[in-house]
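Here the structure is laid out as structure tokens; the discussion comes afterwards.
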Amino acid sequence: NAGVTQTPKFQVLKTGQSMTLQCAQDMNHEYMSWYRQDPGMGLRLIHYSVGAGITDQGEVPNGYNVSRSTTEDFPLRLLSAAPSQTSVYFCASSYDRVNQPQHFGDGTRLSIL
Amino acid sequence: DAKTTQPNSMESNEEEPVHLPCNHSTISGTDYIHWYRQLPSQGPEYVIHGLTSNVNNRMASLAIAEDRKSSTLILHRATLRDAAVYYCILSSGNTGKLIFGQGTTLQVKP
Chain A
308 NAGVTQTPKF QVLKTGQSMT LQCAQDMNHE YMSWYRQDPG MGLRLIHYSV GAGITDQGEV
368 PNGYNVSRST TEDFPLRLLS AAPSQTSVYF CASSYDRVNQ PQHFGDGTRL SIL
Chain B
790 DAKTTQPNSM ESNEEEPVHL PCNHSTISGT DYIHWYRQLP SQGPEYVIHG LTSNVNNRMA
850 SLAIAEDRKS STLILHRATL RDAAVYYCIL SSGNTGKLIF GQGTTLQVKP
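Chains as they are written, first to last, in our numbering: chain A, 308 to 420; chain B, 790 to 899.
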């Protein structure tokens, strides 16, 4: 059971480049979400999804897009990378959105030069 | 979204109990109280959660005040592996969003 898998683990981008962070879960979880964590800070919610075809914005959605075409996958797209998006990105999933533990991936460490 | 207040850091001795406090005075009736912890260079790990009643699991206990405006995470016997940042989080009853604060950094001394 792989749980929540994030790829890549590390990435360096130049300002203005675009990229997609991948997140996949094999637990048949309906709820998935993306967070970013800046040094010394708690996690901040970027986008979340309560099921395939449904997404919504979190606290800090600007500069990011998401889609949810399948239950398993929830990719996060950076449209035009900026140095302010340098952070560690975590994906999480759970059975439902309210009363179930969320399972987190190991994170993607992203640096934008 | 309701917010939580936690001490920035706490220290404990190994094999002693640890009580980690959390204030959430603006909690609404449908908000769940969650605790997660994060070890260095890892993603957060679920510890425990509850709504109104005290909760116990193999990792910890959660004591919730009668007015639900505060809660305490109890680690019964701290080990060195329990050194981590502990986050007290309220989960919105409508959206389920977890809003993280800055957490409490727990140091465990041998």
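Using N, Cα and C, we set each Cβ at its ideal position, and we do this for glycine too.
May I have the straight-line CA-CA distance separating residue i from residue j, to the nearest angstrom?
i, j, result
"threonine 435 (chain A)", "leucine 320 (chain A)", "No statement about residue 435 (chain A) is possible, as the shown extent of chain A runs from 308 to 420 and does not include it."
"glutamine 329 (chain A)", "methionine 348 (chain A)", "23 Å"
"phenylalanine 397 (chain A)", "glutamate 366 (chain A)", "14 Å"
"tyrosine 821 (chain B)", "tyrosine 342 (chain A)", "19 Å"
"glutamate 803 (chain B)", "methionine 326 (chain A)", "44 Å"
"phenylalanine 317 (chain A)", "serine 860 (chain B)", "37 Å"
"threonine 312 (chain A)", "alanine 331 (chain A)", "5 Å"
"glycine 890 (chain B)", "tyrosine 835 (chain B)", "15 Å"
"leucine 851 (chain B)", "serine 842 (chain B)", "9 Å"
"valine 844 (chain B)", "asparagine 372 (chain A)", "38 Å"
If you run the structure through DSSP and keep just helix, strand and coil, what is residue i?
i, result
"arginine 870 (chain B)", "helix"
"proline 390 (chain A)", "helix"
"aspartate 380 (chain A)", "strand"
"histidine 808 (chain B)", "strand"
"aspartate 333 (chain A)", "coil"
"glutamate 834 (chain B)", "strand"
"serine 418 (chain A)", "strand"
"glycine 309 (chain A)", "The amino acid occupying residue 309 (chain A) in the given sequence is alanine; glycine does not appear at that position. Coil at alanine 309 (chain A), not helix or strand."
"isoleucine 816 (chain B)", "coil"
So with Cβ pairs under 9 Å, would you call residue i a contact of chain A?
i, result
"glycine 892 (chain B)", "yes"
"leucine 809 (chain B)", "no"
"lysine 886 (chain B)", "yes"
So, does the CB of residue i fall closer than 9 Å to a CB anywhere in chain B?
i, result
"tyrosine 355 (chain A)", "yes"
"glutamine 409 (chain A)", "yes"
"valine 319 (chain A)", "no"
In terms of residues, what are the limits of the beta strand (DSSP E) holding residue i?
i, result
"leucine 864 (chain B)", "859-864"
"phenylalanine 317 (chain A)", "317-320"
"glutamate 800 (chain B)", "798-802"
#### Entry: Contact set between the stretch 340-371 of chain A and chain B, restricted to residues whose Cβ is under 9 Å from the partner
Ser340, Tyr342, Gln344, Gly347, Met348, Gly349, Leu350, Arg351, Leu352, Tyr355, Val357, Asp363, Gly365, Glu366
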